[in-house]
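Report on the structure given below.
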Amino acid sequence: MLGLLWLTACLSAIDRIAMSVAIIPMAEEFQFTDTTKGSISSLLSFGYALVILPAGFLAGQWSPRLLMASGIALWSLATIATPLTIVSAASSIGPLLIARMLVGAGESILLPTSTRLLNEWTSVNEKSRALAFLFSGFQSGTIVALLLSPVILDFFGDWRELFYVYGSGSLLLLLPWLFLAKDSPTTSKEGNDFYSNDDQLSIKDAPWKEIIQSKGAWAMFLAHSAKNWGNYLALAWTPTFYLEQYGIGVRGSAWLSILPCVAGVVGGIIAGTSADAIGQRIVDSKDETARTNIRKLFQSIGLLVPALSLGLLAWHIPEQAWAAQLYVAVNIGFLSFNSAGYDAANQEKSGPKWAGLLYSVTSLPAVLIGTGATYLTGRILDANGQDWSLVFGLNALIYVLGAISFIILYDSKKEFE
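Under the numbering used here, the letters of the sequence shown match residues 690 to 1106, in that order.
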């Protein structure tokens, strides 16, 4: 199951990154401003935000296997449709924005459903490693997309083919999810424990009030928001940064983006393995204070080190692109420590029934904040003559605030069974 989740994360990242690469030749063809590029990039996250809350609720009530398949089908078909939505500079970008929203809506199903499945398939001392491995799929997909996209562009000579190739590849994921995957270790491929009428709950039965009043849930939301601010900017704007700051095109920016992604994979695996190893040394398995401190430690590393990196980048943007790449690599590498922070915290605070919902409730405002950051970046760049110092400095400040909030508010007590 973990391998299939990793592959799904990998292909979803490839479909998402397609626009980050294609936006450069698209902007040249259709004369997009930075504000327009920010709008296009942010609408995927807006679609994600619209669906993630119902996706989280359904992850606890429906078959996770079939729910995942529905999300894959939606984002894959929307990816394939993306190039068909704009044909000339005179065309409205409205249909393009809708297509990107549908991609985001489909991909929003992935993490709440994965959270439910990991809650079923992993033990308490495997959570951090499992989440780190899952999130390494996103980074690995980004690496594949950055390496493969210039090749596809050179071979076909047209940015549209990126969406056709990647969307078609993701559709193939439907086969293992429909015919091989299981909802839990105790269910058959044909059966499903989650359709029982006795287990079905209406949306009003969800612990909405308890989640909203939980300090731990607020800690997770604020840390997630801080991480999303930086992660969304890295995904949407890094190729544009290399182009505007150093005059580096699609192929060059793709190569420069590989090291940060590799750092993300390595950092996540180190964080997950280390956190679980420390957790296994806890003598009393019910020692909530020890587990709370583990989450706070890794969450602090996952936001404060990236804050230092981007703060230095804001203070002085290097004249050489490779030097800027190192700052970005530190940012992405240590952001992956969040897999042992608020991401693993979700598994501690909730049982299987509400794990997906808790993830969605804490993710929804964080997604909106990341979306707003993506759009705001375009506005800032248009307003200040493409000076990236303010972009990086503001990002560093958001990281620091997220880390402080998590340290003050979080505890590992399970609240949502």
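Here a beta-carbon is modelled for each residue, glycine too, at the ideal position from N, C-alpha and C.
About 30 Å separates the beta carbon of Leu820 from that of Ile729, a gap too long to meet the 8 Å contact definition. Per DSSP, Pro865 is one residue of the alpha helix (DSSP H) stretching across 863 to 868. Here Gln828 has Cys950, Gly953, Val954 as same chain residues with Cβ atoms under 6 Å from its own Cβ, once five neighbours each way along the sequence are excluded.
The DSSP-derived three-state label of Ser1101 is coil. Going by beta carbons, Thr802 and Pro753 fall inside the 7 Å limit. Of all alpha-carbon atoms in Glu933, Leu862, Glu1008, Leu997, the one lying nearest the alpha-carbon of Ala1018 is that of Leu997. Note that the C-beta distance between Gly1091 and Ser1025 is not below 7 Å.
Between Thr768 and Ala707 a beta carbon distance of about 7 Å is seen, short of the 8 Å cut, so the two are scored as contacting. Thr724 places its beta carbon less than 7 Å from that of Asp1071. Residue state for Ser1039 is assigned as strand, using DSSP reduced to three classes.
Ala1055 is a Cβ neighbour of Phe910, given a cutoff of 7 Å. DSSP places Arg984 in the uninterrupted alpha helix (DSSP H) bounded by 977 to 1004. The criterion of a C-beta distance shorter than 7 Å is satisfied by Ala794 and Gly736. Every alpha helix (DSSP H) of 4 residues or more that sits fully in the region 715 to 751 is shown, in chain order, as 723 to 748. Under the three-pair Cβ rule at 8 Å, the region 998 to 1018 counts as touching the region 1074 to 1091. Between His913 and Thr1066, the C-beta spacing is not below 7 Å. Excluding sequence positions up to five before and after Lys1042, its CB lies within less than 6 Å of the CB of Gly749, all in the same chain and listed in chain order.
In the three-state DSSP reduction, Asp847 falls in the coil class, being neither helix nor strand. Of the other Cβ atoms in all chains shown, 16 or more fall within 10 Å of the Cβ of Lys871; this residue is therefore buried. Comparing alpha carbon positions, the residue from Glu1037, Ile1069, Tyr853 closest to Leu922 is Ile1069. Excluding five sequence positions before and after Ala738, the CB atoms of its chain that fall closer than 7 Å to its own CB belong to Leu1053, Val1056, Leu1057, Thr1060, given in chain order.
If you draw a straight line from the Cα of Leu1047 to the Cα of Ala770, it is about 32 Å long.
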